[in-house]
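Number of protein chains: 2
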Amino acid sequence: MTVAELETPALLIDLDIMEANLARMAEYAGAHGLRLRPHTKTHKIPELGARQMALGAAGLTVAKTTEAEVMVRSGTKDLLIAYPVLGRKKLDRLMKVAGETRVTVALDSEYAARELSGAAQKAGREIAVLAEFDAGLGRVGVKPEEVVGLARVVSSLPSLKFDGITFYPGHIKQWDSAGEVAFQELGKLLKKVCGESRAAGLEPRIVSGGSTPTWFRSHELPELNEIRPGTYIFNDRNTMKSGACTLDQCAASMLVTVVSTAVEGQVIIDGGSKTFSSDLCVGGGVGHGCIPEAPGSVFRRMNEEHGYVDIAGTETAFEIGQRLRVIPNHICVAMNLHENVFGIRGDQVEKCWRVEGRGKLQ
Amino acid sequence: MTVAELETPALLIDLDIMEANLARMAEYAGAHGLRLRPHTKTHKIPELGARQMALGAAGLTVAKTTEAEVMVRSGTKDLLIAYPVLGRKKLDRLMKVAGETRVTVALDSEYAARELSGAAQKAGREIAVLAEFDAGLGRVGVKPEEVVGLARVVSSLPSLKFDGITFYPGHIKQWDSAGEVAFQELGKLLKKVCGESRAAGLEPRIVSGGSTPTWFRSHELPELNEIRPGTYIFNDRNTMKSGACTLDQCAASMLVTVVSTAVEGQVIIDGGSKTFSSDLCVGGGVGHGCIPEAPGSVFRRMNEEHGYVDIAGTETAFEIGQRLRVIPNHICVAMNLHENVFGIRGDQVEKCWRVEGRGKLQ
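Residue numbers (my numbering), protein chains in the order written: chain A, 1 to 362; chain B, 1001 to 1362.
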């Protein structure tokens, strides 16, 4: 099938770019002796998880137990659930997954540790645990000075194995001066947390962090030995803005059709918040995506099925029925809206993947 | 099953409230002699479309051909695709649907009309057409003075039947003074457009408009004879803000669990942009939803799987593992993220619906 034969809106993945992105990260991790445990919430496709493993990843990361059930089909021998697992049904599911692969859970409370320990004991499984601390995002994670206490609780509980420390540097989104300062602070914090843990006799075998915006500077943090980037497989407009990729490293684009030119200075495309998601541009930038073939155009607004593209500032001519490709602001949430996505090489559609892990809220 | 047995996040529909919402709209439409063709993009569930028909709806509305293929299972004898249908495959699908039920398409260009006519001719079907004009939103729709021209084109094309005029008053979101002025303008515009159409010998059998924020004032527009509200079946925080419903008329809520209390003055819930969508509050209000059981709390930020609830301003106490219900900003986009949703009465889960029309982008 050719790209021209696809209906719109369609999420396209340029396979050559994706492969180059995967190879670049694998090489970087290898060159710096970093374990790579990619976050698969970006793609939610077991075949792509398997590809990441084949390129040398040490394991895979998921956000929830329902994603774990899907991603275990990748054949990975190591799965990190980077989220506290609460509730009996979720814990039951997790224990089933733990029968198929080694499972690690990141958590930040004694409550979550005790629940996990109880379920693991009952199931006769050992679960590895990473103690999560707040590196500056202010989301989850204990205070740095509380890591040792949490690690002690984990170590003391039956059927749990304290396996190290984790954090998510989501507060570093751009490499401006604030980003640089935050990165330097992170280095100091990691040194302190790891030092205190070791002094308490709790060796952090894994020190896991890293996001897509920070991936290429991970080797500057000597304590870090594992990274978990997700978005890098495809990249998106926000990753470009962060400085962690260029336009020609963006593998994902939305193929859309111009459906109306009735309002002057504007065209309407057949994708809105149910196609792209309504995620804004990180750092307060304008628009919901960029259209490289129409420089100066602004994807200014959206409703559920309508995208409003302001064309006053572009030389490009538009007509009804014309097709465009849009780089989304945030590929992880866009991917989550599509039942199927298409792997392309040039004009050829070589792959149709079902996004198997999407919508698995229950 | 009881609500307590559900995993989180779970989208709950209070069946008594939903039934009351459906009845209220049916009564209003009946009392004022308005055809009701509810927009099913809100629920995407054929069984709920059938319920709307059973309560007297004249037909149903969808946003795309893939939704039409799903919603025809409701048994409706009349389906409006409120979106121009472009592209051979979409037109082929539409013609198949037209073999099962009466189909109407809203469009705003000669291009879309000619494409539709060609496909209908080839398939041996007659498709009804509503000519769409821009009532002030600036999205799709020809200028009011161009309606007659578009209607003439439609009337002249084989296999199409000009059936009337349509618009979407999406620019009226709140009943402040700007909303009032816009509503008065809309009345004048409708009178003019309908008058011109009649004068040209093109009787608009259907004059279709209406949104959820404007529904209860539709009878003040004498030309209007059909309304297409969608959100009213569940309502949401934005509908409340518009003045078109009260809190006790909100049927949909997200059941979530507190997963972290590590950061002071804040709790993290297990729902973010992949559970609620990142749609903001209409009119610039703060937050991603409201938590009626914790007055003064603010659902301030979200990431993909994390919701940040600021609890500094509430008296309510929170602990890890606790469950909360959140009224989302925009139920249509939230529904679109869930594979299954749950109909409840009190503590009992009486229904589990698959959201059959979601993710049908291809």
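Cβ coordinates follow ideal geometry from the N, Cα and C atoms, glycine included.
Could one say the Cβ of residue i lies closer than 9 Å to chain B's Cβ atoms, at least one of them?
{"i": "residue 273(A)", "result": "yes"}
{"i": "residue 225(A)", "result": "no"}
{"i": "residue 9(A)", "result": "yes"}
{"i": "residue 24(A)", "result": "no"}
{"i": "residue 259(A)", "result": "yes"}
{"i": "residue 306(A)", "result": "yes"}
{"i": "residue 248(A)", "result": "no"}
{"i": "residue 359(A)", "result": "yes"}
{"i": "residue 170(A)", "result": "yes"}
{"i": "residue 112(A)", "result": "yes"}
{"i": "residue 349(A)", "result": "no"}
{"i": "residue 41(A)", "result": "yes"}
{"i": "residue 35(A)", "result": "no"}
{"i": "residue 109(A)", "result": "yes"}
{"i": "residue 266(A)", "result": "yes"}
{"i": "residue 100(A)", "result": "no"}
{"i": "residue 196(A)", "result": "no"}
{"i": "residue 5(A)", "result": "yes"}
Give the DSSP-derived three-state secondary structure of residue i in the structure shown.
{"i": "residue 337(A)", "result": "coil"}
{"i": "residue 1(A)", "result": "coil"}
{"i": "residue 1074(B)", "result": "helix"}
{"i": "residue 220(A)", "result": "helix"}
{"i": "residue 263(A)", "result": "coil"}
{"i": "residue 226(A)", "result": "strand"}
{"i": "residue 10(A)", "result": "strand"}
{"i": "residue 65(A)", "result": "helix"}
{"i": "residue 1206(B)", "result": "strand"}
{"i": "residue 1047(B)", "result": "helix"}
{"i": "residue 60(A)", "result": "strand"}
{"i": "residue 257(A)", "result": "strand"}
{"i": "residue 35(A)", "result": "strand"}
{"i": "residue 360(A)", "result": "coil"}
{"i": "residue 41(A)", "result": "coil"}
{"i": "residue 1401(B)", "result": "Residue 1401(B) cannot be examined here, being either before or after the span of chain B that is shown, 1001 to 1362."}
{"i": "residue 251(A)", "result": "coil"}
Any beta carbon of chain A sitting closer than 9 Å to that of residue i?
{"i": "residue 1303(B)", "result": "yes"}
{"i": "residue 1237(B)", "result": "no"}
{"i": "residue 1262(B)", "result": "yes"}
{"i": "residue 1270(B)", "result": "yes"}
{"i": "residue 1180(B)", "result": "no"}
{"i": "residue 1115(B)", "result": "yes"}
{"i": "residue 1356(B)", "result": "no"}
Touching by the beta-carbon criterion (3+ pairs, under 8 Å), the region 1318-1336 of chain B and the region 192-202 of chain A: no
Entirely enclosed beta strand (DSSP E) segments - the region 78-153 of chain A, minimum 3 residues: 78-81, 102-107, 127-132
My parser needs the beta strand (DSSP E) runs of 3 or more residues fully inside the region 1160-1199 of chain B; what are they? 1160-1166
Residues from the region 1074-1093 of chain B in contact with chain A, defined by Cβ distance under 7 Å: 1083, 1084, 1086, 1087, 1089, 1090
Which residues, in order along the region 272-299 of chain A, keep a beta-carbon less than 8 Å from a beta-carbon of chain B? 273, 274, 275, 277, 278, 279, 280
Give the residues from the region 1200-1231 of chain B that approach chain A closer than 7 Å (Cβ to any Cβ), ordered along the chain. none
Can you list the alpha helix (DSSP H) stretches of 4 or more residues lying completely in the region 267-345 of chain A, in chain order? Along the region 267-345 of chain A, the alpha helix (DSSP H) occurs as fully enclosed runs of 4 or more residues at 331-335, listed in sequence order.
In the region 1328-1346 of chain B, which residues sit with their C-beta less than 7 Å from some C-beta in chain A, listed in chain order? Residues passing the 7 Å Cβ filter: 1332, 1333, 1336, 1337, 1338, 1339, 1340.
Taking one C-beta from the region 1253-1271 of chain B and one from the region 1317-1327 of chain B each time, how about it: are there three or more such pairs within less than 8 Å? yes
Sufficient close CB pairs (3 or more, under 8 Å) joining the region 266-275 of chain A to the region 3-17 of chain A: For the pair of segments examined, the region 266-275 of chain A was found to touch the region 3-17 of chain A: the number of CB pairs separated by less than 8 Å reaches three.
Cβ contact check for the region 1343-1362 of chain B and the region 1289-1298 of chain B: 3 or more pairs under 8 Å: no
Counting pairs of Cβ atoms below 8 Å between the region 334-342 of chain A and the region 298-313 of chain A, do you hit three or more? A contact between stretches requires three or more CB pairs, one per stretch, nearer than 8 Å, and the region 334-342 of chain A fails this requirement with the region 298-313 of chain A.
Count Cβ pairs between the region 223-230 of chain A and the region 199-213 of chain A that sit closer than 8 Å; are there 3 or more? yes
So, does the region 1148-1161 of chain B touch the region 1179-1191 of chain B, judging by three or more C-beta pairs under 8 Å? With the cut-off at 8 Å, the region 1148-1161 of chain B and the region 1179-1191 of chain B do not touch.
What residues in the region 1049-1070 of chain B have a beta carbon less than 8 Å from any beta carbon of chain A? 1063, 1064
With 7 Å as the limit, tell me which residues of the region 129-148 of chain A have their beta carbon closer than that to any beta carbon of chain B; keep them in chain order. Within the region 129-148 of chain A, the residues whose Cβ lies closer than 7 Å to some Cβ of chain B are 134, 138, 139, 140, 141, 142, listed in chain order.
With three or more C-beta pairs closer than 8 Å as the rule, is the region 1015-1030 of chain B touching the region 82-98 of chain A? no
Could you tell me whether the region 1125-1137 of chain B touches the region 1101-1117 of chain B, where touching means 3 or more Cβ pairs closer than 8 Å? yes
If contact means a Cβ-Cβ distance below 7 Å, which residues of the region 310-323 of chain A contact chain B? 320, 321
Check whether the region 111-125 of chain A touches the region 139-147 of chain A, counting contact only when three or more Cβ pairs, one atom from each stretch, lie closer than 8 Å. no
Could you say if the region 1034-1054 of chain B and the region 1065-1080 of chain B meet the contact criterion of at least three C-beta pairs nearer than 8 Å? Touching, per the Cβ criterion.
Would you call the region 1234-1251 of chain B in contact with the region 1053-1060 of chain B, where contact means no fewer than 3 C-beta pairs closer than 8 Å? no
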